[in-house]
């Protein structure tokens, strides 16, 4: 996985995918959950390189493998990436479905996939003209982070709150959120 990341950063995307898929094939005796984690790296590569088609294929495979092995953390990441693909293809209904899947499971998803799915769901609601629901999602994510004491992801959420306020034309609020998120 580290080699694949290094290859991608060096501009060798095809080599990076080859490394991941070879690793996936070598995991034939491992659990599907471990295979899903290998494919998750391919999802990140697809995202970083704006390769939505490959991202969608790998994320769907992560979802399939994770469902069979009852691996909720990996399953959440698969849905997060499928939500991102749908959002960027302007399929807001599908994006809402995938992001909502993760958003409804804060205690079984990894915190980063939960937070990023919350941001994606808020952007989706914003794109649908449902500003109030976008704000409610963001507030629920921030409340969860405060309740669980997650100080690492809270600045990410605060920065997103500033972005959402800008998108909603609330510049004073955006400035206040931006000031809170600066360390």
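Residue numbers (the numbering used here): 639 to 821.
All residues carry an ideal CB built from backbone N, CA and C; glycine is no exception.
Problem set entry | 6 Å CB neighbourhood of residue 730 in its chain, flanking five on each side removed | 762, 765, 766
For this session: Check whether the Cβ atoms of residue 673 and residue 693 lie closer than 7 Å to each other.
Result: no
Exercise. Anyone know if the C-beta pair for residue 760 and residue 775 falls short of 7 Å?
Worked result: yes
Exercise. To which residues of the same chain is residue 639 closer than 8 Å at the C-beta, ignoring the five residues directly before and after it?
Worked result: 658, 661, 676, 679
Exercise. What's the gap between the Cα of residue 806 and the Cα of residue 739?
Worked result: 25 Å
Exercise. Taking C-beta to C-beta, are residue 714 and residue 683 nearer than 7 Å?
Worked result: no
Exercise. Residue 805 by DSSP, collapsed to three states: which one?
Worked result: Here residue 805 sits in helix by DSSP.
For this session: Measure how close the beta-carbons of residue 619 and residue 753 come, nearest whole angstrom, since I'm counting them as under 8 Å.
Result: The requested residue 619 does not occur in the structure, where the chain is confined to residues 639 to 821.
Exercise. What three-state label does DSSP hand residue 652 in the structure shown?
Worked result: helix
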